[in-house]
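Numbered per the UniProt record's numbering, the sequence shown spans residues 1 to 293.
Here is the structure we will look at.
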Amino acid sequence: MAAATVAAGLSLAVPTAASAAGFWGNTSGIPVSSHVMTFKVLNRTNGKYPDSKVFWTFNGQTHSIAEKRYVDVPVVTAARMYFHLGSPNSQYSDFIEMNTTSSWIGVNTTRVDGFGLKLALRVHTKGGAEATVGETQAVFNQTRNATFQEFVNNVPAQFKHLAKVQAPYRIPAPSKDAAFQPGGRYQNYFKKYAASVGHGNVSTSDIFACAGAVANNAALCGALNRHVAQLNQSKWGDTSLYYKKAPANYYARFWHNHAIGHKAYGFPYDDAADQSSYIAFNNPKYMLIAVGW
């Protein structure tokens, strides 16, 4: 999770006002929190699962949203909230990450380990400010098979197998896939490029995972994943230059291209240049969590 920052006036667009209202639903009945804020979990599986089969696990509790749709959120540190479809231990699962204080939240969706379920978050403050992150409504409207196939259609050959190795449950990140690890068929995917920019000691697996020699260098790891490390460092924050040439983290590019505001956590230091799906606010009131199929 990224370091704590406070969003000011952040508002990320969704397709239309009408579709947004239908997607996020009525917020007038959300209970007032007795702690930090209230979460409301939304079933956006397009009829694939009833509310009785959409589960969440958080702070020692597990419920379907038919049983309990609202969550009164206390102060938590480095916490995760898990979601499952079908049963509380289903392999169709995913999670969000968060920290809270008595008057603040920092929260994000993540694709750092992989994709499991479509997720989107909408945080609303007591002062009326709000921000939205996660997959777009267009992605939520797709069938699961269509999303997996779109991944295959939009990444180079070295990444296509990611949509198959754990299907139909997950699309793992390259950092979690054996093909990009030492001894794997793509173990040298970044080797020549990294060497060409003076970092021949950094392995492909370490670049994808932002580990080893780049573990403490977020800017460099981001530049290598985005294929801008060959440029002057002043250009590393120019998003128009990202993912233009191989080798690059095309898994991360896919999730950015399918995310609200193009913000996604596609690799561990994707918050470099403010590209992650992390949002933070003082005085939060509620958060809507859309869970898709």
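Note that beta-carbon positions come from the ideal geometry of N, C-alpha and C, so glycine has one too.
- For Tyr82, there is no enclosing alpha helix (DSSP H); the residue is part of the beta strand (DSSP E) that begins and ends at 79 to 85.
- In its chain, beyond the 5 residues on either side, Ala229, Gln230 have a beta carbon closer than 6 Å to the beta carbon of Val197.
- Less than 8 Å divides the Cβ of Arg111 from the Cβ of Trp255.
- Collapsing the DSSP output to three states places Phe159 in a helix.
- Looking at the DSSP output, Asn43 sits in a beta bridge with Val291.
- Counting only runs of 4+ residues, the alpha helix (DSSP H) found wholly inside the stretch 176 to 202 occupies 191 to 196, in chain order.
- Ala219 sits in a helix when the DSSP states are folded into three classes.
- Per DSSP, the unbroken alpha helix (DSSP H) holding Glu150 starts and ends at 144 to 154.
- With respect to Lys118, Gly86 sits apart: the two C-beta atoms are not nearer than 8 Å.
- Counting only residues of its own chain and dropping the five nearest sequence neighbours on each side, Thr239 has a CB closer than 8 Å to the CB of His262, Ala273, Gln275.
- As the crow flies, the alpha-carbon of Ala215 is around 15 Å from that of Ala194.
- Restricting attention to Lys126, Ser34, Ala21, the CA atom closest to the CA of Asn282 is found in Lys126.
- For secondary structure counted as the beta strand (DSSP E) over 3 or more consecutive residues, the stretch 86 to 138 holds these complete runs in sequence order: 93 to 101, 104 to 109, 119 to 125, 130 to 134.
- Val107 has its alpha-carbon roughly 6 Å from the corresponding atom of Ala280.
- By the C-beta density criterion, Val71 is buried, having at least 16 other C-beta atoms within 10 angstroms.
- One thing to note: Cys210 has its Cβ no nearer than 8 Å to the Cβ of Pro174.
- Using a Cβ distance threshold of 8 Å, Tyr186 and Gln91 do not count as a contacting pair.
- Residue environment analysis places Gln142 among the buried positions, since at least 16 neighbouring C-beta atoms fall within 10 angstroms of its C-beta.
- Note on Thr101: under 16 other CB atoms within 10 angstroms of its CB, so exposed under the neighbour-count rule.
- As the crow flies, the alpha-carbon of Phe151 is around 23 Å from that of Gly47.
- Per DSSP, reduced to three states, the secondary structure at Tyr70 is strand.
- DSSP places Ala20 within a helical segment (H, G or I) once states are collapsed to three.
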